[in-house]
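So the structure is just underneath, and the comments pick up after that.
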Amino acid sequence: MRSSLRCFAALVMLALQLMGIGLGHAQEAPKPRRSGAEFMNPDLQAMQRDDALNPGMLWVKQGHDLWQRQPTASTRTSNRSCASCHGEASQSMRGVAARYPAFDDVSKRPINLTQRINLCRVNQSQAPAWRAESAELLAMESYIALQSRGLPITPPSDARLQPFIDQGQQRYNQRMGQLNLSCAQCHDERAGLRLGGNLIPQAHPTAYPVYRLEWQGVGSLQRRLRNCMSGVRAQAYPFGAPELVELELYLAAQARGMSLESPGVRP
């Protein structure tokens, strides 16, 4: 309870400070882009770099097992595993995570990697979709994302995505919640400063799915976005909502060219 009150008080103080910023910050030169890993202490940086220490690799291992496994007899009408269609993930999935969200021809909207995984699972393996933030879905996303580690984030150069990128940008800059704060006010204007004792990172999605010490587990970018919305006392969009995918798409566009670190480690 005391921790929640301290966090709320810190957010209120931040809101008061931000209301006094005025137009000066908007006119400053853009800050150099920095991964969230650069804002961590050396111990956490070392944990992310060493696969033997990185807890996210446990989810990667489970994802590798799921990649090879056929759906169980009680749920399947097809005997297709991921590997039976795609072969070795190290080859077929290389670069895939760096290209999502991407435009889906069926829904005529952008979808993220977890949505693509579930579409493939339902349509190709004829198995039920995995629940959002389930261990299985996070494991599969972590395994696929690992195949692109070290590659640059390269959202598709697809004109059909531009209206959705614009929507994501609008939401990123829009004040929300009882604290009346936007994503940009924290992660652009105040990056590198402290909130509740923690450094505020820039909002680059370079490490997802990510193992957070706060969660004691791996979580998706959408989970982090929803946490931020709850932190400013706003109503969080449900997992898979178009608004969250548009935010993901905008963040990917902003991070174009930065290296993918998945699975990352964060405080």
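Using the numbering used here, read the sequence shown as starting at 87 and increasing by one per residue.
Cβ coordinates follow ideal geometry from the N, Cα and C atoms, glycine included.
Fair warning: this is a prediction, and the values are worked out from it, not measured in the lab.
Unbroken beta strand (DSSP E) run spanning residue i, endpoints
{"i": "residue 189", "result": "188–190"}
{"i": "residue 296", "result": "296–298"}
{"i": "residue 303", "result": "303–305"}
DSSP three-state assignment for residue i, whether helix, strand or coil
{"i": "residue 198", "result": "coil"}
{"i": "residue 318", "result": "coil"}
{"i": "residue 345", "result": "strand"}
{"i": "residue 284", "result": "strand"}
{"i": "residue 331", "result": "helix"}
{"i": "residue 336", "result": "helix"}
{"i": "residue 40", "result": "This structure cannot settle anything about residue 40, because the visible part of the chain is limited to 87 through 353."}
{"i": "residue 142", "result": "helix"}
{"i": "residue 267", "result": "strand"}
{"i": "residue 352", "result": "strand"}
{"i": "residue 325", "result": "coil"}
{"i": "residue 147", "result": "helix"}
{"i": "residue 252", "result": "helix"}
{"i": "residue 122", "result": "helix"}
{"i": "residue 355", "result": "Residue 355 is absent from the structure shown; the chain starts at 87 and stops at 353."}
{"i": "residue 53", "result": "The shown model of the chain, from 87 to 353, leaves out residue 53, and the question about it has no answer."}
{"i": "residue 155", "result": "coil"}
{"i": "residue 308", "result": "helix"}
{"i": "residue 102", "result": "Low confidence applies here, because residue 102 scores a pLDDT of 43, under 50, leaving its location unreliable; read the following figure in that light. Note: residue 102 maps to helix in three-state DSSP."}
{"i": "residue 245", "result": "helix"}
{"i": "residue 290", "result": "coil"}
Cβ-based neighbour list, residue i, same chain, cut-off 7 Å, excluding 5 preceding and 5 following
{"i": "residue 330", "result": "308, 311, 323"}
{"i": "residue 228", "result": "142, 145, 146, 149, 295, 304, 348, 349"}
{"i": "residue 319", "result": "263, 264, 265"}
{"i": "residue 246", "result": "189"}
{"i": "residue 285", "result": "125, 278"}
{"i": "residue 152", "result": "222, 225, 226"}
{"i": "residue 193", "result": "none"}
{"i": "residue 326", "result": "201, 218"}
Cβ-based neighbour list, residue i, same chain, cut-off 8 Å, excluding 5 preceding and 5 following
{"i": "residue 185", "result": "240, 241, 242"}
{"i": "residue 338", "result": "186, 187, 239, 241, 291"}
{"i": "residue 368", "result": "For the chain, the structure presents residues 87 to 353; residue 368 sits outside this window and is missing."}
Host alpha helix (DSSP H) of residue i (start-end)
{"i": "residue 181", "result": "Counting along the chain, residue 181 falls outside any alpha helix (DSSP H), and DSSP gives it neither H nor E."}
{"i": "residue 217", "result": "Careful: residue 217 lies outside any alpha helix (DSSP H) and carries neither H nor E."}
{"i": "residue 236", "result": "Taken as a continuous stretch (DSSP letters only), residue 236 belongs to no alpha helix (DSSP H), as it is neither H nor E."}
{"i": "residue 222", "result": "221–232"}
{"i": "residue 170", "result": "168–172"}
{"i": "residue 135", "result": "128–135"}
Chain D within 7 Å of residue i, Cβ atoms only
{"i": "residue 118", "result": "The structure shown has no chain D; it contains just one protein chain."}
Proximal residues to residue i (C-beta, below 6 Å), its chain only, five neighbours per side dropped
{"i": "residue 251", "result": "335, 336, 339"}
{"i": "residue 202", "result": "none"}
Near the ligand FMN: residue i beta-carbon under 6 Å from a heavy atom
{"i": "residue 347", "result": "As for the ligand FMN, it is missing from this structure, which has no ligand bound."}
- Task: Tell me, please, whether the segment 177–194 touches the segment 230–237 by the rule of three or more beta-carbon pairs shorter than 8 Å.
- Result: yes
*Stretch-stretch touch, CB-based, cutoff 8 Å, three pairs: the segment 208–221 with the segment 247–263*: no
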